[in-house]
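Engineer:
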Amino acid sequence: QQQVKQSPQSLIVQKGGISIINCAYENTAFDYFPWYQQFPGKGPALLIAIRPDVSEKKEGRFTISFNKSAKQFSLHIMDSQPGDSATYFCAASKNAGNMLTFGGGTRLMVKP
Amino acid sequence: KAGVTQTPRYLIKTRGQQVTLSCSPISGHRSVSWYQQTPGQGLQFLFEYFSETQRNKGNFPGRFSGRQFSNSRSEMNVSTLELGDSALYLCASSSRTGATEAFFGQGTRLTVV
Chain A
8 QQQVKQSPQS LIVQKGGISI INCAYENTAF DYFPWYQQFP GKGPALLIAI
58 RPDVSEKKEG RFTISFNKSA KQFSLHIMDS QPGDSATYFC AASKNAGNML
108 TFGGGTRLMV KP
Chain B
184 KAGVTQTPRY LIKTRGQQVT LSCSPISGHR SVSWYQQTPG QGLQFLFEYF
234 SETQRNKGNF PGRFSGRQFS NSRSEMNVST LELGDSALYL CASSSRTGAT
284 EAFFGQGTRL TVV
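For the protein sequence lines, the chains are A and B, in the order given.
So the first sequence is numbered by the working numbering: it starts at 8 and just counts up by one.
So the second sequence is numbered by the working numbering: it starts at 184 and just counts up by one.
(1) Does the structure place the stretch 238–258 of chain B close enough to the stretch 214–224 of chain B that three or more beta carbon pairs sit under 8 Å?
(2) Pick helix, strand or coil for PRO59 of chain A, following the three-state DSSP scheme.
(3) Report yes if the C-beta distance between LEU273 of chain B and GLY249 of chain B is below 8 Å; otherwise report no.
(4) Check distances from the C-beta atoms of the stretch 274–290 of chain B to those of chain A and list, in chain order, the residues that come in under 9 Å.
(5) Verify the CB distance criterion: does PHE243 of chain B have a CB-CB separation below 8 Å to chain A?
(6) Show which residues of chain B have a CB atom less than 7 Å away from the CB atom of MET116 of chain A.
(7) May I ask you to verify whether the stretch 192–207 of chain B touches the stretch 245–265 of chain B, counting CB pairs closer than 8 Å and requiring at least 3?
(8) If you measure from the beta carbon of SER257 of chain B to each beta carbon in chain A, is any gap under 8 Å?
(9) Of all the residues that make up the stretch 78–99 of chain A, which are near chain B by a beta-carbon distance shorter than 7 Å?
(10) What does the alpha-carbon distance come out to for the pair VAL295 of chain B and TYR193 of chain B?
(11) Using a Cβ-Cβ cut-off of 8 Å, state whether GLY211 of chain B counts as contacting chain A.
(12) Looking only at its chain, what residues have a beta carbon closer than 6 Å to the beta carbon of TRP42 of chain A, apart from the 5 residues adjacent to it on each side?
(13) Taking one C-beta from the stretch 15–32 of chain A and one from the stretch 71–90 of chain A each time, how about it: are there three or more such pairs within less than 8 Å?
(14) Taking the CB atoms as reference points, tell me whether SER92 of chain A and PHE37 of chain A lie closer together than 8 Å.
(15) Are there 16 or more other CB atoms within 10 angstroms of the CB of ALA285 of chain B, so buried, or fewer, so exposed?
(16) In this structure, does DSSP put LEU107 of chain A in helix, strand or coil?
(17) Write down the C-beta distance between GLY50 of chain A and GLY290 of chain B rounded to the nearest angstrom, noting that I regard them as a contact closer than 8 Å.
(18) Here's a check: name, in chain order, each residue in its chain whose Cβ is nearer than 7 Å to the Cβ of PRO15 of chain A, leaving out the five neighbours to either side.
(19) Please list, in chain order, all residues of the same chain as THR94 of chain A whose beta carbon is under 6 Å from its beta carbon, the five residues on each side excluded.
(20) Specify the secondary structure class of LEU266 of chain B as computed by DSSP and reduced to three states.
(21) Helix, strand or coil for GLY90 of chain A? Go by DSSP, reduced to three states.
(22) Taking 8 Å as the cut-off, decide whether the C-beta atoms of SER257 of chain B and CYS206 of chain B are in contact.
(23) Where do the ends of the beta strand (DSSP E) carrying MET85 of chain A lie?
See below:
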């Protein structure tokens, strides 16, 4: 059972544009929602995370928007750069342990 | 501060063999989780260890097992390898258990032939 659905699977954005990746979850017990960035041959790197008591969190060019009632959250990458080209994963976990449930991933390509 | 270290980086094994992978977490971190990453199934949780105790287990057969030592280092073992076990195995380190930041190592690429 896929508990976190991520879209789109792939995304092409021009340099300077905004990249938007969406995730939806089913389990209302989830209370921690991180985003990871993964480059080929590397492990996922934590980008930014949010808890359901806030609706938005911004760190540099990266913003998470969270809609608890809709059970959806999204990652916005402002002023996208070619160096942002990577695979992005959303994830969710409950407070009982560090078991992350991942979305299927989005392959982002930023064209110069 | 050193990151999460996984060894070896690459492994090639034959069907039916067993394999042991190692993970050294970030200094001071006591929680270690393991994940399997494949193109078809994506990132899937295997198990989590905290203070030498298994806290959570994913939906994998009993051929997959793990343990954690008193220094927080962890090993995972896969017995009777199958072709479908070919994957990138990732270890994640956290300072505590309970929905907190998890930092991943570079993974061990296992190929079963």
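All C-beta atoms in this analysis are idealised placements derived from N, C-alpha and C, irrespective of residue type, glycine included.
Structural biologist: With the structure as the only source:
(1) yes
(2) coil
(3) no
(4) CYS274, ALA275, SER277, ARG279, THR280, GLY281, ALA282, THR283, GLU284, ALA285, PHE286, PHE287, GLY288, GLN289 and GLY290
(5) no
(6) Simply none; closest approach about 18 Å.
(7) yes
(8) no
(9) PHE96
(10) 11 Å
(11) no
(12) LEU54, ILE55, LEU82 and CYS97
(13) yes
(14) no
(15) buried
(16) coil
(17) 5 Å
(18) THR113
(19) GLN45, GLY112 and ARG114
(20) helix
(21) helix
(22) yes
(23) No beta strand (DSSP E) contains MET85 of chain A, which DSSP labels as neither H nor E.
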